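Numbering (this note's numbering), first residue to last: 101 to 364.
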Amino acid sequence: MTSPSQSPCVRSRFPEPAEWTESQRNPPYAYYLYYLYANLVPLNALRRERGLQPIVLRPHCGEAGPVHHLATAFLLADNISHGLLLRKAPVLQYLYYLAQVPMAMSPLSNNSLFLPYSRSPLPDFHAKGLCVTLSTDDPLMFHFTKEPLMEEYSIAAQVWKLTNTDMCELARNSVIMSGFPHEVKKRWLGPAYQHEGVLGNDIRYTNLPNVRVAFRFENLLHELALVTTANPRSRAHSGHSGLSVPAAMSTRTKSMSVLFEDEG
101 MTSPSQSPCV RSRFPEPAEW TESQRNPPYA YYLYYLYANL VPLNALRRER GLQPIVLRPH
161 CGEAGPVHHL ATAFLLADNI SHGLLLRKAP VLQYLYYLAQ VPMAMSPLSN NSLFLPYSRS
221 PLPDFHAKGL CVTLSTDDPL MFHFTKEPLM EEYSIAAQVW KLTNTDMCEL ARNSVIMSGF
281 PHEVKKRWLG PAYQHEGVLG NDIRYTNLPN VRVAFRFENL LHELALVTTA NPRSRAHSGH
341 SGLSVPAAMS TRTKSMSVLF EDEG
């Protein structure tokens, strides 16, 4: 068993403040990210008051460096770019799944720098249900066409044998995690896109089958139920002897009725 001192999340030594200038070492990643977050909170509140779009905190995280960067981003960021190191941190990967923290990944960029395309965790993350999408990263350096994002999608589809449903799901995730205004997202995904599960999917806009959305949503609810009822004391206190389902599962009846309704 790994001891706390050996854990990849805590074994790094953070430089003391005096070292930031004396030895020319930078403050830790968590320090930078916290102060970005702390300053964006009042700024975004002011922007909302004035009818402006909030600034999304979307740091590069988990591409390289210690795993604890991902733990920091989990607590503070709206979503992240990259997240490759989650493949080496299963507990954090599970937390990112449960919270559906969005991740924009750039396998072509990673392939040029340090991670071969064949080893990219994106198809594995997508299959597990993490909220991932494809993105570009320094397209002038790592891409060869005038449409770098299409380049990412077309190569991913060919190499990983992605289906049309997979591609539409990745594209839908991209819009949801983007910083575009609400009205723009409604125009692209449909007026009810903020609802969870099938109720938030309009196939006329997304081209994403309801059965895929229902599959993702129900799996997530069951995982959340497993976590929230794992403590024997909580089960005894609530009077349940086995797994219970979160209140959100009450939406299943509506979701399934939408899923199987006669579209004719």
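Heads up, the beta-carbon is just placed ideally off N, CA and C, and yes, glycines get one too.
Computed from a predicted structure; not experimentally measured.
Neighbour-count burial assignment, residue i, 16 or more Cβ in a 10 Å radius
i: Thr172; result: buried
i: Phe214; result: exposed
i: Met277; result: buried
i: Tyr293; result: buried
i: Leu230; result: buried
i: Pro142; result: exposed
i: Ser218; result: exposed
Closest residue to residue i among the options (Cα-Cα distance)
i: Asn307; options: Thr265, Ser254, Pro142; result: Thr265
i: Ala130; options: Asn211, Phe174, Leu143; result: Phe174
i: Asp178; options: Ala199, Asn301, Leu184; result: Ala199
i: Ser220; options: Leu152, Leu140, Ala256, Leu320; result: Ala256
i: Val275; options: Phe315, Asn301, Leu262; result: Asn301
i: Tyr197; options: Pro216, Leu170, Tyr217; result: Leu170
i: Pro309; options: Pro281, Arg272, Thr245; result: Arg272
Straight-line Cα distance separating residue j from residue i
i: Glu116; j: Tyr132; result: 14 Å
i: Gly162; j: Gly183; result: 4 Å
i: His168; j: Glu247; result: 34 Å
i: Asn210; j: Phe242; result: 9 Å
i: Thr121; j: Phe114; result: 14 Å
i: Arg158; j: Ser181; result: 7 Å
i: Gly342; j: Ala330; result: For Gly342, the pLDDT reaches just 47, beneath the cut-off of 50, and the residue's location in the model is therefore unreliable, leaving the point undetermined.
i: Leu140; j: Ser254; result: 36 Å
i: Tyr305; j: His295; result: 15 Å
i: Leu185; j: Glu283; result: 34 Å
With a threshold of 8 Å, are at least 3 pairs of Cβ atoms found where one atom belongs to the segment 221-235 and the other to the segment 197-209?
The segment 221-235 vs the segment 197-209: in contact.
Alpha helix (DSSP H) runs contained entirely in the segment 187-222, provided each spans 4 or more residues
Within the segment 187-222, the complete alpha helix (DSSP H) runs of at least 4 residues are 190-199, 207-213.
Unbroken stretches of the beta strand (DSSP E), 3 residues or longer, contained in the segment 273-339:
Whole beta strand (DSSP E) segments, 3+ residues: zero.
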